[in-house]
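Step one of this worksheet: look at the structure below.
In the working numbering, the protein residues as written are 890 to 979.
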C-alpha cells in the first residue's frame with residue numbers, strides 16, 4: 890500500500906503483527922467495532938449482508954450490483970479482496 894501512495898512527508902512503516910503496538914491495537918478495536926455496528930444497522934434496515942468469503946457473500950455482492958449498480962459496490966466491500974474481483978469478472 891505504501892508504495893502506491895505518494896506522500897512525501899509521511900514515512901509509512903509496514904509490519905506484520907503490528908497490533909503489538911498499543912496505537913495499532915486500539916485502532917484495530919475501534920475499526921472492528923465500527924464495522925460491526927454498521928453491519929447491525931444494515932440488518933435492522935433490512936439489508937442482511939454476510940461477512941467473509943463465501944457463496945452467501947458473493948450473492949450479496951451480486952444483489953448490490955444489480956440493485957444499486959457496480960459503482961456503488963465499493964461502498965460496501967473491500968476493493969482488494971478476491972471476492973470483489975470475482976464479482977466484476979462475471
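We put the CB at the ideal spot given by N, CA and C, even for glycine.
Residue i and residue j closer than 8 Å at C-beta
i: residue 920; j: residue 913; result: no
i: residue 942; j: residue 971; result: yes
DSSP three-state assignment for residue i, whether helix, strand or coil
i: residue 955; result: helix
i: residue 942; result: coil
i: residue 962; result: helix
N- and C-terminal bounds of the alpha helix (DSSP H) containing residue i
i: residue 933; result: 911-933
i: residue 976; result: 971-978
Spatially closest choice to residue i from the options, by CA coordinates
i: residue 951; options: 967, 977, 937 and 941; result: 977
i: residue 946; options: 933, 903, 911 and 928; result: 928
i: residue 964; options: 898, 910, 938 and 975; result: 938
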